[in-house]
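Asker: For reference, each letter of the sequence shown is one residue, going 1 to 566 in the numbering used here. Have a look at the structure that comes next, please.
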Amino acid sequence: MVVVSNLVKKVGLKLQKEREPNVSDDNPNKELVAEFLCRTDIVYTAPGMQDEMTIWENGIKKRVRKLYLTINMKEALALFQEENPSINIGYSKFCSLRPKNVLLVKDTPSDQCKCKSHENFILLLKGLNINYNNDFWKEVLCNSDSGSECWETNCDKCNAGELLLGFIGKKGLNNASNVQWHQWVQSENKRFFKETNDGCVAELTDNVLANFQSFKQHVKIKRIQADAFQSDIKQSDTIVLQVDFAMSYSCEWQNEIQSALWSRENVTLFTSALFENNQKTHCYLIVSDTKDKSKLSVSAFILKLLEIIKFQANKPKLIIWSDGPSSEFKNKFICYFLFLLSKIQKRFSGFEWKYSATSHGKGVVDGIGGTAKSRVYAEVKARRAIVQNAIDFATVASKVVPNITVISMLQKDIDKTQINWNLAKDVPGIKKAHIIKSSDDHICLFTSQQNLDTPIQELCYCENTDQCFKCTQPSAENHTSSVNISLGKFVLVKVFGKRSWKPYVAQVSALDETDINVVFLKQVSILNFIYQENDTGIIQHDDIIKVLPTPIINSRNIVIFPNSVM
Numbered sequence: 001m002v003v004v005s006n007l008v009k010k011v012g013l014k015l016q017k018e019r020e021p022n023v024s025d026d027n028p029n030k031e032l033v034a035e036f037l038c039r040t041d042i043v044y045t046a047p048g049m050q051d052e053m054t055i056w057e058n059g060i061k062k063r064v065r066k067l068y069l070t071i072n073m074k075e076a077l078a079l080f081q082e083e084n085p086s087i088n089i090g091y092s093k094f095c096s097l098r099p100k101n102v103l104l105v106k107d108t109p110s111d112q113c114k115c116k117s118h119e120n121f122i123l124l125l126k127g128l129n130i131n132y133n134n135d136f137w138k139e140v141l142c143n144s145d146s147g148s149e150c151w152e153t154n155c156d157k158c159n160a161g162e163l164l165l166g167f168i169g170k171k172g173l174n175n176a177s178n179v180q181w182h183q184w185v186q187s188e189n190k191r192f193f194k195e196t197n198d199g200c201v202a203e204l205t206d207n208v209l210a211n212f213q214s215f216k217q218h219v220k221i222k223r224i225q226a227d228a229f230q231s232d233i234k235q236s237d238t239i240v241l242q243v244d245f246a247m248s249y250s251c252e253w254q255n256e257i258q259s260a261l262w263s264r265e266n267v268t269l270f271t272s273a274l275f276e277n278n279q280k281t282h283c284y285l286i287v288s289d290t291k292d293k294s295k296l297s298v299s300a301f302i303l304k305l306l307e308i309i310k311f312q313a314n315k316p317k318l319i320i321w322s323d324g325p326s327s328e329f330k331n332k333f334i335c336y337f338l339f340l341l342s343k344i345q346k347r348f349s350g351f352e353w354k355y356s357a358t359s360h361g362k363g364v365v366d367g368i369g370g371t372a373k374s375r376v377y378a379e380v381k382a383r384r385a386i387v388q389n390a391i392d393f394a395t396v397a398s399k400v401v402p403n404i405t406v407i408s409m410l411q412k413d414i415d416k417t418q419i420n421w422n423l424a425k426d427v428p429g430i431k432k433a434h435i436i437k438s439s440d441d442h443i444c445l446f447t448s449q450q451n452l453d454t455p456i457q458e459l460c461y462c463e464n465t466d467q468c469f470k471c472t473q474p475s476a477e478n479h480t481s482s483v484n485i486s487l488g489k490f491v492l493v494k495v496f497g498k499r500s501w502k503p504y505v506a507q508v509s510a511l512d513e514t515d516i517n518v519v520f521l522k523q524v525s526i527l528n529f530i531y532q533e534n535d536t537g538i539i540q541h542d543d544i545i546k547v548l549p550t551p552i553i554n555s556r557n558i559v560i561f562p563n564s565v566m
């Protein structure tokens with residue numbers, strides 16, 4: 001700065017000091033705006049080792065994690081004003097109150113781990129020169145409010161896509177014009193790539209309409225679950241434990257020899273954050289040498305956390321939040337584990353496990369692993385520490401990230417957790433569940449926070465299931481009379497394998513008093529199905545779970561149901 005000042009004086013220019021932003025520390029809205037702009041549904045927490053920045057606060061230098069806005073500031077202001085109508089704040093003042101580590105959309109680096117459903121639909125709209133933002137839903141739905149029936153497919157006008165067609169028509173595109181669009185698809189060798197498609201505007205419009213219902217359901221679930229998370233952490237009788245696996249840390253040295261590159265040890269990191277109303281958020285990091293990320297390690301890690309977490313509430317309800325990978329958190333073993341927790345953990349009044357919408361599980365836990373890896377890596381590069389295994393990582397992390405409780409749990413400790421997983425029961429339909437609740441000796445599964453009156457599945461772990469009152473009650477939904485079955489009807493049927501059965505959508509092609517001939521359909525999205533050539537079968541009346549509502553069949557022979565049927 002001194003050199004620059006001297007140069008300015010030599011050439012006869014005047015050095016003007018940079019104006020400090022007019023942000024008063026006693027601004028009554030400062031903390032409220034900062035809290036809003038740091039919410040997990042507004043920003044994306046950068047999880048990488050290098051995703052930290054240095055800021056000055058009250059004369060003190062601090063290292064903080066980078067947060068990237070997922071919407072622009074004008075959209076953020078509109079949401080803030082909608083949630084806080086009593087606060088009068090302008091755009092410039094709102095921008096000036098943005099925390100320094102909350103970066104704008106334009107600053108977002110190369111983005112990964114995006115939602116496939118969102119990206120594919122956005123790519124379809126891009127082919128029609130339509131930008132996807134919050135205003136999109138105001139254009140294509142009669143009422144885009146979260147509680148509107150338009151999201152529930154109960155509005156005939158929205159459900160048929162009339163407003164969407166009108167919105168596309170405003171672009172003035174010729175249906176016969178050639179157009180190109182991209183889609184993320186999976187190849188035969190199970191690798192994803194971005195496929196380029198060529199066609200006409202009419203074909204692309206049909207594609208948008210065919211995917212509209214399933215995408216709308218996905219967005220609805222995403223918003224419901226995001227609101228549910230914010231609501232849960234504010235409940236006085238509830239504590240929330242958000243969990244996730246961070247990317248493993250690769251142990252490396254400063255001045256590393258070439259041969260060591262191929263023999264680095266990996267450290268598994270299990271991150272968690274404990275939320276309690278009106279209390280400071282507590283962060284935990286379990287460090288392990290295990291290579292397992294399934295029921296064995298997940299159950300051991302959570303049991304360890306429940307031993308050490310501290311909270312103020314008297315016997316609260318525990319809600320565990322996570323994303324939904326079937327290999328880690330969303331499977332029949334977690335259902336059984338939740339049942340076991342209700343039996344062995346007496347510190348809590350109840351247990352629930354909630355899942356964010358697919359690919360929308362970003363939050364505080366992403367920053368915990370990134371922060372720990374970044375600080376430990378800095379110590380290694382500065383030659384102040386040698387990290388060769390999980391124990392070394394835990395030792396160094398405990399010193400450099402004192403605000404995170406670091407716990408070392410090796411494979412030998414995980415093996416001490418003895419659970420008879422053979423008692424876990426198959427859970428048909430768990431893929432579409434976003435809430436699992438423990439109730440007495442039963443586990444109930446629900447699609448979302450708005451459907452808590454109608455479980456999609458109920459599991460009984462009673463010692464004597466035959467005498468269980470709940471299990472012996474006849475289910476009206478699962479009872480179908482032959483009177484309701486007719487030619488051309490769509491039904492949900494049981495298809496039995498060697499160990500269990502799975503639900504499939506089928507259409508009745510022929511029937512008599514005993515047998516029913518059906519054509520099976522393949523599910524391509526939540527609401528959309530296609531016919532499979534020569535995929536037929538014969539079922540019995542008892543195999544029918546329920547008769548489905550009459551779907552719409554579009555010009556491309558895609559079967560579209562008004563609501564989720566699986």
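Backbone N, C-alpha and C fix where the C-beta goes; we use that ideal spot for every residue, glycine too.
1. Comparing alpha-carbon positions, which option in Asp542, Asn331, Ser525, Leu318 lies nearest Asn563?
2. In chain order, what residues of the same chain lie with their CB nearer than 8 Å to the CB of Pro402, ignoring the 5 residues before and after it?
3. Any heavy atom of the ligand FAD within a distance shorter than 7 Å of the CB on Asn314?
4. On the three-state DSSP scale, how would you describe Ser481?
5. Can you grab the Cα-Cα spacing for the pair Gln183 / Ile560, in whole Å?
6. Ignore the nearest five residues each way along the sequence and tell me which others in Gln217's own chain have a CB closer than 7 Å to its CB.
7. Would you identify the three-state DSSP class for Gly537, choosing helix, strand or coil?
8. Exposed or buried, Asp392, counting other C-beta atoms within 10 Å across all chains shown (16 or more means buried)?
9. Smallest Cα separation from Asn557: which of Val376, Glu52, Ala246, Gln532?
10. Short of 7 Å in beta carbon distance, which residues of its chain neighbour Leu37, apart from the five on each side in sequence? Order them along the chain.
11. With a cut-off of 8 Å, do at least 3 Cβ pairs link the segment 369-383 to the segment 247-262?
12. Per the DSSP calculation, Ser374 is bridged to which residue(s)?
13. What did DSSP end up calling Phe520 once you bin it into helix, strand or coil?
14. Measuring straight from C-alpha to C-alpha, what distance separates Asn129 and Leu511?
15. Buried or exposed for Gln213, going by 16 or more other Cβ atoms inside 10 Å?
16. Where in the segment 390-473 do unbroken runs of the alpha helix (DSSP H), each at least 4 residues long, occur, reported from the N-terminal end onward?
17. Using the three-state DSSP reduction, which class does Ile530 fall into: helix, strand or coil?
18. I'd like the span of the alpha helix (DSSP H) that includes Phe339, first residue to last.
19. Once DSSP output is grouped into helix, strand and coil, what is the label at Gly199?
20. Just the Cα atoms here: how many angstroms apart are Ser439 and Lys399?
21. Measuring CA to CA, which of Phe529, Lys126, Ser486 is closest to Asn517?
22. Tell me whether Ser299 sits in a helix, a strand or coil according to DSSP, three-state version.
23. In whole angstroms, give me the CA-to-CA distance for Ala433 and Ser555.
24. For the beta strand (DSSP E) containing Val140, name the first residue and the last one.
25. Helix, strand or coil for Lys546? Go by DSSP, reduced to three states.
26. With a Cβ-Cβ cutoff of 8 Å, do Thr536 and Val519 count as a contact?
Answerer: Taking the structure as given:
1. Closest in C-alpha terms to Asn563, from the list Asp542, Asn331, Ser525, Leu318, comes Ser525.
2. Residues of the same chain with their beta carbon placed closer than 8 Å to that of Pro402 are lacking, with the five preceding and five following residues left out of the count.
3. Looking at this structure, you won't find the ligand FAD or any other ligand, since it has none at all.
4. Below a pLDDT of 50, predicted positions are generally treated as unreliable, and Ser481, at 48, falls in that range; the measurement from the model is reported next regardless. Looking at Ser481 - three-state DSSP - the assignment turns out to be coil, as it is neither helix nor strand.
5. Going from the Cα of Gln183 to the Cα of Ile560 covers about 20 Å.
6. Cβ neighbours of Gln217 beyond the five flanking positions: Ile526, Leu527, Ser564.
7. DSSP, read as helix, strand or coil, puts Gly537 in strand.
8. The residue in question, Asp392, is buried, as its Cβ has 16 or more Cβ neighbours within 10 Å.
9. Among Val376, Glu52, Ala246, Gln532, the Cα nearest to that of Asn557 is on Gln532.
10. Same-chain partners within the cutoff: Val43, Ala76, Arg98, Pro99, Val102.
11. The segment 369-383, when compared against the segment 247-262, does touch it at the 8 Å Cβ threshold.
12. DSSP lists no partner for Ser374.
13. In the structure shown, Phe520 adopts extended strand secondary structure according to DSSP, grouped into three states.
14. Approximately 48 Å between the Cα atoms of the pair.
15. Classified as buried, Gln213 has 16 or more neighbouring CB atoms from the shown chains inside 10 Å of its CB.
16. Counting only runs of 4 or more, we get 390-400, 411-414, 469-472.
17. The answer is strand: DSSP assigns Ile530 an E or B state.
18. In the DSSP annotation of this structure, the continuous segment of the alpha helix (DSSP H) that includes Phe339 starts and ends at 332-344.
19. For Gly199, the three-state secondary structure derived from DSSP is strand.
20. Distance between Ser439 and Lys399, taken at the CA atoms: about 42 Å.
21. Out of Phe529, Lys126, Ser486, Ser486 has the C-alpha closest to the C-alpha of Asn517.
22. Note: Ser299 maps to helix in three-state DSSP.
23. For the pair Ala433 and Ser555, the Cα-to-Cα distance works out to about 31 Å.
24. Element bounds for Val140: not the beta strand (DSSP E) but the alpha helix (DSSP H), 134-140.
25. Residue state for Lys546 is assigned as strand, using DSSP reduced to three classes.
26. In this structure, Val519 lies closer than 8 Å to Thr536 by Cβ.
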